[in-house]
Amino acid sequence: MITAKARAVFRPEGPFKLTTIERRELKPQDVLIEIKYAGICHSDIHTARGDWGPVNYPLVPGHEIAGIVTQVGSEVTKYAVGDRVGVGCMVDSCRECVNCQRGEEQYCLSGNTGTYAAIDRYGQYTQGGYSTHIVVTEDFVVRIPDGMELDVAAPLLCAGITTYSPLRHWGAAPGKKIAVVGFGGLGHMAVKLAHAMGAEVTVLSQTLKKKEDGLRLGADHYYATSDPETFKTLAGSFDLIINTVSAKIDINAYLSLLALDGTLVNVGAPAEPLPVQVFSLIPHRRSFAGSMIGGIRETQEMLDFCAEHNIAPEIEVISANQIDEAWERVLVSDVRYRFVIDIRTMENE
Numbered sequence: 001m002i003t004a005k006a007r008a009v010f011r012p013e014g015p016f017k018l019t020t021i022e023r024r025e026l027k028p029q030d031v032l033i034e035i036k037y038a039g040i041c042h043s044d045i046h047t048a049r050g051d052w053g054p055v056n057y058p059l060v061p062g063h064e065i066a067g068i069v070t071q072v073g074s075e076v077t078k079y080a081v082g083d084r085v086g087v088g089c090m091v092d093s094c095r096e097c098v099n100c101q102r103g104e105e106q107y108c109l110s111g112n113t114g115t116y117a118a119i120d121r122y123g124q125y126t127q128g129g130y131s132t133h134i135v136v137t138e139d140f141v142v143r144i145p146d147g148m149e150l151d152v153a154a155p156l157l158c159a160g161i162t163t164y165s166p167l168r169h170w171g172a173a174p175g176k177k178i179a180v181v182g183f184g185g186l187g188h189m190a191v192k193l194a195h196a197m198g199a200e201v202t203v204l205s206q207t208l209k210k211k212e213d214g215l216r217l218g219a220d221h222y223y224a225t226s227d228p229e230t231f232k233t234l235a236g237s238f239d240l241i242i243n244t245v246s247a248k249i250d251i252n253a254y255l256s257l258l259a260l261d262g263t264l265v266n267v268g269a270p271a272e273p274l275p276v277q278v279f280s281l282i283p284h285r286r287s288f289a290g291s292m293i294g295g296i297r298e299t300q301e302m303l304d305f306c307a308e309h310n311i312a313p314e315i316e317v318i319s320a321n322q323i324d325e326a327w328e329r330v331l332v333s334d335v336r337y338r339f340v341i342d343i344r345t346m347e348n349e
């Protein structure tokens, strides 16, 4: 087995502790990646704290991974030692069902294998990117474009693809009016991407404290949802609303902002139910939908799009011993706009 240093939680409330984990020996189609940077996603916190179901501890989170290939299996054809690569939210799927065959592995009918907190096809519990090394089959690795720094590439593997996929699916383009609910790690990427796609972009945030950032990063308009006049002013305005908030909100109020045939897409995943009244949908043929990350092909497309349009997340790089503090800051929205762990700081511990 291959050993790696890692930061793990041993109970729901943490704290993180330095530990050693084992990675499998390379199968013929596997690559060994030396992780350089790992982004911190709100999903890491939800999972580790049991918000989405029982967890086996110790748990090493992290599904925004950027690094360098250091070894390849005997049948690997896509990558070579030295390649700059990334790994996102999943590391495998059945690869045989209709959804996998369409390149939508995230919707695998047998369930995709999460980068952490899942059982892989070899019966091992997956551990994520808050670690020095990871072994992944080449089909679930993506190439980081030349000129894109590894630290900014890492958050694109979740925050980037999670917002890119619904924008592409629901047709973000010139002439479309798009609103983004929440202006955090996901929200700021949705704004950048929708702007690059040519849409008219509005941010809907609780307050106006990030308005200057929102307009600077590509928003055309910025409204505070704490102001009741916002919902009156914007009623029936948008073709597409991307809700990035992982907390309970009044979905019916936001549905009222959709134009005829408009769609509200949830990419945030709150633990609580979000009740929807049918008459929020029927009168204007509105839709309420969900979207989960993206397939491997679309993730590569997203990375190439970001490289072409010079799109990168706003990040704050931290050391491995700052993860606990970073998590607490995520919970109070005190980050602009994505924490990224410099894994080299773990190697020196």
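Here full-length UniProt numbering is used: the first residue of the sequence shown is 1, the next is one more, and so on.
Note that beta-carbon positions come from the ideal geometry of N, C-alpha and C, so glycine has one too.
Beta-carbon gap between Thr132 and Ala247 smaller than 7 Å: no
What is the DSSP secondary structure of Val81, reduced to helix, strand or coil? coil
Who are the near neighbours of Asp304 in its chain, counting only those whose CB is closer than 8 Å to its CB and skipping five residues on each side? Pro145
For a minimum of 3 consecutive residues, which ranges assigned as the beta strand (DSSP E) are wholly contained in the stretch 272-346? 287-290, 315-318, 338-342
Contacting residues, own chain, Cβ-Cβ under 7 Å from Ile35 (five flanking each side not counted): Ile65, Gly67, Gly129, Ser131, Thr132, His133, Ile134, Ile343
Check the C-beta distance from Phe10 over to Pro58 and give it rounded, since I have them as a contact under 8 Å. 5 Å
Candidates Asn252, Gln101, Ser287: closest to Pro273 by CA position: Asn252
Leaving out five residues on either side along the sequence, give the residues of the same chain with a beta carbon under 6 Å from the beta carbon of Ile293. Cys89, Gln106, Ile161, Thr162
Pair within 7 Å by beta-carbon distance, Val191 and Gly218: yes
Among the candidates Ile282, Ser93, Ala38, whose CA atom is the shortest distance from the CA of Ile296? Ser93
Which of the three DSSP states, helix, strand or coil, is assigned to Gln124? coil
How is Gly268 classed by DSSP in three states: helix, strand or coil? coil
Cβ of Leu157 within 7 Å of Cβ of Gly86? yes
How far does the beta strand (DSSP E) with Asp92 in it reach, from first residue to last? 90-92
From this set, Phe183, Met189, Ala196, which residue's C-alpha is nearest Lys210's C-alpha? Phe183
Which residues DSSP lists as bridging Leu32, in chain order: Gln71, Val135
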